[in-house]
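From first to last, the protein sequence lines stand for chains A and B. Here the first sequence is numbered in our numbering, starting from 39 and rising by one per residue. Here the second sequence is numbered in our numbering, starting from 39 and rising by one per residue. For every residue, glycine included, the Cβ atom is placed at its ideal position computed from N, Cα and C.
Protein chains: 2
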Amino acid sequence: MYLPEHFAENRSEEIDRLVDAFPLAAIVAQTEAGLVANHIPLLRDGEKKLIGHVALANDMHRDIADESQVLAIFRADHAYISPNWYPSKEQTHKSVPTWNYQAIHITGRIRFDHSEKFKRAVVGKLTRHFERRTSGDKAWRMADAPADYMEMMLANIVGFEMTVDRVIAKSKLSQNRDQADYESVVKNLEGAGSPELAKTMRALDR
Amino acid sequence: MYLPEHFAENRSEEIDRLVDAFPLAAIVAQTEAGLVANHIPLLRDGEKKLIGHVALANDMHRDIADESQVLAIFRADHAYISPNWYPSKEQTHKSVPTWNYQAIHITGRIRFDHSEKFKRAVVGKLTRHFERRTSGDKAWRMADAPADYMEMMLANIVGFEMTVDRVIAKSKLSQNRDQADYESVVKNLEGAGSPELAKTMRALDR
Chain A
39 MYLPEHFAEN RSEEIDRLVD AFPLAAIVAQ TEAGLVANHI PLLRDGEKKL
89 IGHVALANDM HRDIADESQV LAIFRADHAY ISPNWYPSKE QTHKSVPTWN
139 YQAIHITGRI RFDHSEKFKR AVVGKLTRHF ERRTSGDKAW RMADAPADYM
189 EMMLANIVGF EMTVDRVIAK SKLSQNRDQA DYESVVKNLE GAGSPELAKT
239 MRALDR
Chain B
39 MYLPEHFAEN RSEEIDRLVD AFPLAAIVAQ TEAGLVANHI PLLRDGEKKL
89 IGHVALANDM HRDIADESQV LAIFRADHAY ISPNWYPSKE QTHKSVPTWN
139 YQAIHITGRI RFDHSEKFKR AVVGKLTRHF ERRTSGDKAW RMADAPADYM
189 EMMLANIVGF EMTVDRVIAK SKLSQNRDQA DYESVVKNLE GAGSPELAKT
239 MRALDR
């Protein structure tokens, strides 16, 4: 990923926040069939691992050999930024359109696991994580489903873990604009239906 | 991309709508340096082409040879779906968490173009497209910027076009649930801050 220094995201807590808040990664790999990508929710599991699962019917676990390098692309909110939004435009007219976004690219080695023990652990961790934030104290639990149904569901998936080799993160958030332009972009994003991106920009210490 | 029949998106007008509405593609390629991905707004240009541009400083146009195959991943809104949201859960408890999303994968051959004529045409088309919908009748035009500034900006980018070979599209939108579950998912998405995804599901003829 092209990464000019002023857009490099070096805050590990922001990288963790983005992976947690936008967990649906595009996992990309080069296979004999060409480039393949699948959209899979991933969960951080310790410092150096991501875990997830795919359908048994998904060829991904057959086409990607264990220990192959894959790229997991996480992307947060994004929006078009109009030159009209920069107050400085009125003076100099030296502005062009751009796009603001945040992206995390995690490269690592994938290992698939067919054991029920591993799959049950992965599904349990994912469920607890997503249910806690979606359903709060009414969180759905695996034990809510009949045991034979859950066994059948587990038989139809494959678990995996990705051992992280490299993390590249980019927060392209108008850091290259002066304060007045920056604040105007934030206000315009709020008006243009991107309040979350505006909030992320407000939180940026620049 | 794993694509069960009931999630296959075969409506060409929906595919075009998603590419237009979520144009920030992740362009992925296998290079000598490994898998690389860059987030680039793309515009449909006729039936079989996508156009865009990257910074001259972006190694992408050096690392990816002309006519190489690249994968452009477009993704629309997405959200976690809790089993708690299915009314049928109360009867059978046979439900597990999932994720709803729409994704378009376009595979094609890329060709970079350094000529000012090509770059000016690409930037002009992108600007008209995005300004029309963002700024309406106050659309910013390239002619609003000083000519020497625009020449400098054009000198710092590389244009490209992608000739489309294959399009795979997935709309994973709870089509496998009964009507009561489906409607409840839509209502819960509205409440959980995903009104656009709910709207897309409401528009689905199922």
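Identification of chain B residues near M39 of chain A by a Cβ-Cβ cut-off of 8 Å yields V74, A75, N76 and H77, ordered along the chain.
Taken atom to atom, the span from the alpha-carbon of S133 of chain B to that of A183 of chain B is near 56 Å.
Under the DSSP definition of a beta bridge, Q129 of chain B lacks any partner. A residue is called buried when at least 16 other Cβ atoms come within 10 angstroms of its Cβ; R100 of chain B does not meet this threshold and is exposed.
Under the DSSP definition of a beta bridge, T136 of chain A partners with A:I119.
Closest option to D151 of chain A, judged by alpha-carbon separation, among A:L81, A:E199 and A:R171: A:E199. Note on geometry: alpha-carbon atoms of A63 of chain B and N96 of chain A lie some 23 Å from one another. Cβ neighbours of I111 of chain B within its own chain (closer than 7 Å, five residues either side excluded): A63, A64, V66, A141 and H143. Within chain A, Q68 and L73 have C-beta atoms less than 8 Å from the C-beta of Q68 of chain B, given in sequence order.
Comparing alpha carbon positions, the residue from A:G90, A:M180, A:V57 and A:P135 closest to M188 of chain B is A:P135.
Here S209 of chain B is bridged, per DSSP, to B:Q140. Per DSSP, P42 of chain A lies in no beta strand (DSSP E) and is assigned neither H nor E. In summary, the residues of the segment 215–237 of chain B whose CB is separated from some CB of chain A by less than 8 Å are A230, in the order they occur in the chain. In the displayed model, P233 of chain B falls within a helix according to three-state DSSP. In the structure shown, R179 of chain B falls within a coil segment according to DSSP collapsed to helix, strand and coil. Per DSSP, the beta-bridge partners of R149 of chain B are B:E199. Counting the other CB atoms within 10 Å of its CB gives P61 of chain B a total of 16 or more, which places it among the buried residues. A Cβ of chain B is located within less than 8 Å of the beta carbon of V134 of chain A. Residues of chain B with a Cβ closer than 9 Å to the Cβ of P184 of chain A are, in chain order, T130, H131 and K132. Sorting A:R179, A:G72 and A:H167 by C-alpha distance to the C-alpha of I102 of chain A places A:G72 at the top. Taken through DSSP and simplified to helix, strand or coil, K163 of chain A comes out as helix. A distance below 8 Å separates the beta carbons of A114 of chain B and L56 of chain B.
Taking a beta-carbon distance threshold of 8 Å, K157 of chain B does not count as an interface residue toward chain A. When Cβ-Cβ separations below 8 Å define contact, R149 of chain A makes no contact with chain B.
Under DSSP, F112 of chain B takes part in a beta bridge, and its partners are B:I142. Residues A236 of the same chain have their beta carbon placed closer than 8 Å to that of E228 of chain A, with the five preceding and five following residues left out of the count. When DSSP reads this structure, V66 of chain B sits in a beta bridge with B:A75 and B:L109. For A93 of chain A, the CB contacts under 7 Å within the same chain, skipping 5 residues up- and downstream, are N194 and I195 in chain order.
For a cut-off of 8 Å, the C-beta gap from G197 of chain A to F156 of chain A is around 5 Å, short enough to register as a contact. L109 of chain A reaches chain B at V66, G72, L73, V74 and A75, counting residues in chain order whose Cβ is nearer than 9 Å. For M200 of chain A, no Cβ of chain B is located within less than 8 Å of the residue's own Cβ. Taken through DSSP and simplified to helix, strand or coil, G90 of chain B comes out as strand. Taking a Cβ-Cβ threshold of 8 Å, none of the residues of chain A is close to A207 of chain B; the smallest such distance is about 12 Å. Looking at B:W178, B:V223 and B:T69, the one whose alpha-carbon comes closest to that of V161 of chain B is B:W178. For L62 of chain B, the neighbours in chain A by C-beta distance under 7 Å run, in chain order, H116, W137 and Y139. Measuring C-alpha to C-alpha distances from T238 of chain B to each of B:L41, B:M39, B:I53 and B:E43 identifies B:I53 as the nearest.
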